[in-house]
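Just so you know, the protein sequences line up as chains Z and W, in that order.
With the working numbering, letter number 13 in the first sequence gets 97, and the count goes up by one each step, no holes.
With the working numbering, letter number 47 in the second sequence gets 425, and the count goes up by one each step, no holes.
Everything below concerns the one structure shown next.
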Amino acid sequence: AQKVTQAQTEISVVEKEDVTLDCVYETRDTTYYLFWYKQPPSGELVFLIRRNSFDEQNEISGRYSWNFQKSTSSFNFTITASQVVDSAVYFCALSNTGNQFYFGTGTSLTVIP
Amino acid sequence: SQTIHQWPATLVQPVGSPLSLECTVEGTSNPNLYWYRQAAGRGLQLLFYSVGIGQISSEVPQNLSASRPQDRQFILSSKKLLLSDSGFYLCAWSLGQGRNQPQHFGDGTRLSIL
Numbered sequence: 085a086q087k088v089t090q091a092q093t094e095i096s097v098v099e100k101e102d103v104t105l106d107c108v109y110e111t112r113d114t115t116y117y118l119f120w121y122k123q124p125p126s127g128e129l130v131f132l133i134r135r136n137s138f139d140e141q142n143e144i145s146g147r148y149s150w151n152f153q154k155s156t157s158s159f160n161f162t163i164t165a166s167q168v169v170d171s172a173v174y175f176c177a178l179s180n181t182g183n184q185f186y187f188g189t190g191t192s193l194t195v196i197p
Numbered sequence: 379s380q381t382i383h384q385w386p387a388t389l390v391q392p393v394g395s396p397l398s399l400e401c402t403v404e405g406t407s408n409p410n411l412y413w414y415r416q417a418a419g420r421g422l423q424l425l426f427y428s429v430g431i432g433q434i435s436s437e438v439p440q441n442l443s444a445s446r447p448q449d450r451q452f453i454l455s456s457k458k459l460l461l462s463d464s465g466f467y468l469c470a471w472s473l474g475q476g477r478n479q480p481q482h483f484g485d486g487t488r489l490s491i492l
């Protein structure tokens, strides 16, 4: 069975602090893809990153970075020097066979000015 | 570039009334299409997905149905709405060939059942 767990329901940080959002997944497939999405208060989900199971190289994009570790089945997301505009709900998702995505329940991040 | 349009943005309907939400994609051919519901509490629940015209897969049995009359059109319907149908409905598309392609979402429809 496929499953994505985001244990952190809500996180609050003060602006300019770093914050890490955790994502743990379960799958029996050897080939799979992991994603992160951002859902700002306006509601639409914005695609942030895709990572395939054969590429464990960490990625950095500006203030965002992602740490993929197959050994612990984790795909964590770090925001450095957080800003108020980062306040949103963040979803981790898994895709393996077929055309389905499995989303975590999301982590609500509030950045306090 | 590809765009996805979803309407209406908000909808208030009485219990027992019918429903029709529409989603269209532009700028791509033969996309995979998806309907999700996000109830209070944020979790995304996949309702239906389609890999082609007339091909609909249902994930959750309920009083909703979906149709894909054209390649880039996906419709979510109900004959009689229930209170429990309230929520935020999101349409999404992805390129065909499935799992390695990110899904791109519409702006969503906030549905309130009275």
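Here a beta-carbon is modelled for each residue, glycine too, at the ideal position from N, C-alpha and C.
- One alpha carbon belongs to threonine 194 of chain Z, the other to glycine 484 of chain W, and they sit about 23 Å apart.
- Taking serine 456 of chain W as reference, the option from W/Phe466, W/Ser445 and W/Arg450 with the minimal CA-CA separation is W/Ser445.
- For the pair lysine 458 of chain W and glycine 405 of chain W, the CB atoms are not nearer than the 7 Å cut-off.
- Burial of leucine 129 of chain Z is indicated by the presence of at least 16 other C-beta atoms within 10 angstroms of its C-beta.
- Per DSSP, tyrosine 116 of chain Z has no beta bridge partner at all.
- Between isoleucine 382 of chain W and valine 403 of chain W, the C-beta spacing is below 7 Å.
- Between tyrosine 427 of chain W and leucine 442 of chain W the beta-carbon gap is near 13 Å, outside 8 Å, which marks them as no contact.
- Burial check for proline 480 of chain W: the Cβ neighbour count within 10 Å reaches 16 or more, so the residue is buried.
- Straight-line measurement puts the Cα of arginine 135 of chain Z at about 9 Å from the Cα of glutamine 141 of chain Z.
- Excluding residues up to 5 positions away in sequence, Thr388 and Phe466 lie with their Cβ nearer than 6 Å to the Cβ of arginine 488 of chain W in the same chain.
- A distance below 7 Å separates the beta carbons of alanine 177 of chain Z and phenylalanine 185 of chain Z.
- At a cut-off of 7 Å between beta-carbon atoms, proline 447 of chain W makes no contact with chain Z.
- Contacts with chain Z at 7 Å (Cβ-Cβ) include proline 480 of chain W.
- By the neighbour-count criterion, in which 16 or more other beta carbons inside 10 Å mark a residue as buried, isoleucine 196 of chain Z falls on the exposed side.
- If you check the CB distance, serine 149 of chain Z and tyrosine 109 of chain Z do not come in under 7 Å.
- With 16 or more other CB atoms across the displayed protein chains lying within 10 angstroms of its CB, aspartate 463 of chain W is buried.
- Between the alpha carbons of glutamine 92 of chain Z and asparagine 151 of chain Z lies a gap of roughly 17 Å.
- In terms of CA proximity to serine 490 of chain W, W/Ala417 leads the group W/Asn408, W/Gln380 and W/Ala417.
- Counting along the chain, no beta strand (DSSP E) covers cysteine 107 of chain Z, and no H or E run does either.
- For arginine 450 of chain W, there is no enclosing beta strand (DSSP E), as DSSP marks it with neither H nor E.
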